[in-house]
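Start counting the sequence shown at 194; every next residue gets the next number (my numbering).
Think of the CB as a built atom: it goes at the ideal place given N, C-alpha and C, for glycine as much as any other residue.
Beneath this line is the structure, given in structure tokens, with notes to follow.
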Amino acid sequence: MVTREKIASESAEKDASRHVVHLPVYEENAYQPNIMEAQEALGWRVTHGGAGGNFLRTALRVWKPDILHLH
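Pasting the structure below:
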């Protein structure tokens, strides 16, 4: 039987293994550091993708994130 506790536990384990890449990262964006810190607090691996350049190919082929946060 599947219980709520089991589902919550499995969900927490899955969330803890998430990888999110933020592209681009702007110092002027007052909220972005807060979002990144909150994701790290959840146990997510957070990659600071930098700014400018042809970053999409690197993000998809090298970093292989579960979540790609674009601005």
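### Query
Which residues in the same chain as L263 place their Cβ atom closer than 6 angstroms to its Cβ, once the five residues preceding and following it in sequence are excluded?
On the sequence shown, position 70 is the one that residue 263 refers to. Excluding sequence neighbours, L263 sits near L216.
### Close beta carbons around I260, own chain, < 6 angstroms, minus the five adjacent residues each side
Taking the first residue of the sequence shown as 1, we reach residue 260 at position 67. If we look at I260 and ignore the five residues flanking it on each side, its Cβ neighbours are V213.
### Query
Secondary structure at V213, three-state DSSP: helix, strand or coil?
Taking the sequence shown and counting its residues from 1, one reaches residue 213 at position 20. DSSP places V213 in strand when its eight states are reduced to three.
### Message
Please report the straight-line C-alpha distance between Q225 and K257, rounded to a whole angstrom.
### Response
On the sequence shown, position 32 is the one that residue 225 refers to. On the sequence shown, position 64 is the one that residue 257 refers to. Approximately 20 angstroms between the Cα atoms of the pair.
### Query
Which residue from R250, T240, L249, F248 puts its Cα closest to that of R211?
Residue 211 sits at position 18 when you count from the first residue of the sequence shown. Among R250, T240, L249, F248, the Cα nearest to that of R211 belongs to T240.
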